[in-house]
Amino acid sequence: MVEEVTDNPHARLADQVFDRLLQDIVVGALPPGTPVSELDLCDRLKVSRTPVREALIRLAEVSLVRIRPQRGTFVAPISPSAFRNSQFIREHLECALVAEAVRYIDSTSLRDLADILDRQEEVARSGVGTDFYAPDEIFHRTIARIARREEVWLQIRATKVHFDRVRHLTLQEDVGHIPLLIEQHREVYNGLAECNEIQAVAAMRRHLREIFRRAEGIFERHVSDAESELGKVRRGNKTREKRTEYPV
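Under this note's numbering, the letters of the sequence shown match residues 49 to 296, in that order.
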């Protein structure tokens, strides 16, 4: 949901607009095919057109929006190839992080991970799939911290946006698989607790490939719908100027 950008002296307005739109696209608040109007964004975010335009260009560079001259800007459909590339990068970097974490694991770090797993169990019992996202992120980020490679996590976070678009949809549509994800986290934890690099890395690899079991269904349901919506908007733009209506 797009809301007003606050005056943060530590972040440029364009960065704030970019971060807000990025989050809304990734979590599905702005679904694929949604028209994005510069004027509407300026009104809602209380900013000038320059930071909005800059943010949209940056989003286009990472294939999250499509800018069509004389037609408008639209949230890009979910891209299966971008998803697979994003998953590939994440898998290889996170498996390397787990291998590094084995070298530094200690009782304090294990306790931190155990607390996160307990939190994940609480969320699973709530039955709200999207609430699992935050403690899931914390688990993976904590492994990067244990490995003393927090900067690598920042790189992973920047490259996994297409992975996360699919991930959010799986959490929205199928809460039943969350206990399996937690069990896979416990397998990673057990490998770290035993200082067994092979076991920990194999567990992380299985975990990060689990999403493939659900991704094809997501593509079938959402990619074609988004392309259809984009087609409708394009046809409409041939006969009239279309003004964006944001979901509220």
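Beta carbons: idealized from backbone N, C-alpha and C, even for Gly. All of these numbers come straight from a predicted model, not from anything done at the bench.
request  = Figure out for me which residue from E109, V65 and F211 has the closest Cα to the Cα of C90.
outcome  = V65
task = Evaluate D163 with the Cβ neighbour count: other Cβ atoms within 10 Å of its Cβ, from every protein chain shown; 16 or more gives buried, anything less gives exposed.
result = exposed
task = Grab the span of the beta strand (DSSP E) containing R114 for me, first residue to last.
result = V113 to R116
query = Relative to the alpha-carbon of D67, which residue among E86, A103 and L87 has its alpha-carbon at the smallest distance?
reply = A103
task = Evaluate Q118 with the Cβ neighbour count: other Cβ atoms within 10 Å of its Cβ, from every protein chain shown; 16 or more gives buried, anything less gives exposed.
result = Under this definition Q118 is an exposed residue.
request  = State the Cα-Cα distance for the pair T121 and I73, rounded to the nearest angstrom.
outcome  = Roughly 13 Å between the two C-alpha positions.
request  = Report the rounded CA-to-CA distance for D166 versus C143, giving the unit in angstroms.
outcome  = Answer to the nearest angstrom: the Cα atoms are 23 Å apart.
key: V65 in three-state terms, based on DSSP   = helix
query = Where do the N-terminal and C-terminal ends of the beta strand (DSSP E) with T207 fall, by residue?
reply = Careful: T207 lies outside any beta strand (DSSP E), inside the alpha helix (DSSP H) at E198 to T207.
query = Tell me which same chain residues have a C-beta within less than 8 Å of the C-beta of T207, skipping the five on either side of it?
reply = Excluding residues within five positions, the ones whose Cβ falls inside 8 Å are S134, I137 and R138.
inquiry  = Less than 7 Å between C-beta atoms, sequence neighbours within five positions excluded: which residues of the same chain meet that for R197?
reply    = L145 and E148
message = DSSP three-state label for G175, please.
response = It is coil, neither helix nor strand.
query = Is the Cβ-Cβ distance between P80 and H216 less than 8 Å?
reply = Cβ atoms of P80 and H216: not closer than 8 Å.
task = With distances taken Cα to Cα, identify the nearest neighbour of P125 among F260, R132 and S111.
result = Comparing Cα positions, the closest option is S111.
key: Chain-order list of residues whose beta-carbon lies under 7 Å from that of V200 (same chain, five-residue window excluded)   = Cβ within range, chain order: L141, L145 and A192.
key: Helix, strand or coil at G120 according to DSSP, with G and I counted as helix   = strand
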